[in-house]
Amino acid sequence: TKMDEEGKTMLLMHKLDPVDGFVVGKPIVVTLSVFNKGSGNAYSLIVRDDNWKSDTFRVVSGANHFTLDYMNAGDQYVHKFTIVPTTETWHRIHPAQIAYVYGEDGESTIMASNT
49 TKMDEEGKTM LLMHKLDPVD GFVVGKPIVV TLSVFNKGSG NAYSLIVRDD
99 NWKSDTFRVV SGANHFTLDY MNAGDQYVHK FTIVPTTETW HRIHPAQIAY
149 VYGEDGESTI MASNT
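So for the sequence shown, our numbering puts the first residue at 49; every next one is plus one.
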C-alpha cells in the first residue's frame with residue numbers, strides 16, 4: 049500500500065474466500081476487491097491470485113488474475129472467479145498480489161499485497 053500524500057495513490061485490496069473449509073468438488077467463489085482510497089490515480093494494475101495450485105484446485109469460471117489500464121482516485125473494482133477443490137488436503141490461504149504504476153509520468157512502480 050502506498051500512503052496518501054498530496055495526490056498520491058493508496059490502493060487497498062480485499063480478498064474474500066471461504067472461512068469454513070473446502071469440500072472436494074464443491075465450487076468456491078473467490079472475490080478480489082481493489083479500492084483506490086488516495087487522491088491520486090493508479091495505472092497499469094496487475095492483480096494475481098496464485099494461491100490456487102492446479103494440482104489441488106481447478107479454475108472453472110473467470111480467471112485468477114486481471115489487469116486494469118487505470119484506477120482513478122475514489123474508484124473500486126470487484127473481480128470474481130470460481131474454483132473447485134480436486135484433492136482433499138490442508139490448504140493455507142495466501143494473499144493476492146498487486147502491482148501498479150503511480151504518478152503522472154509513471155515514475156514509480158509498487159508491489160503490495162492484501163492483508
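Every residue, glycine too, gets a C-beta built ideally from N, C-alpha and C. These numbers come from a predicted model, not from an experiment.
Could you check the C-alpha separation between residue 73 and residue 59 for me, to the nearest Å? 34 Å
For residue 115, count neighbouring C-beta atoms within 10 Å of its own C-beta (all shown protein chains included) and say buried if the count is 16 or more, exposed if not. exposed
Is the beta carbon of residue 89 sitting closer than 8 Å to the one on residue 61? no
Quick one: Cα of residue 124 to Cα of residue 69, how far? 28 Å
Suppose you measure from the CA of residue 96 to the CA of residue 140; what does that come to, to the nearest Å? If I take the Cα positions, the gap works out to 17 Å.
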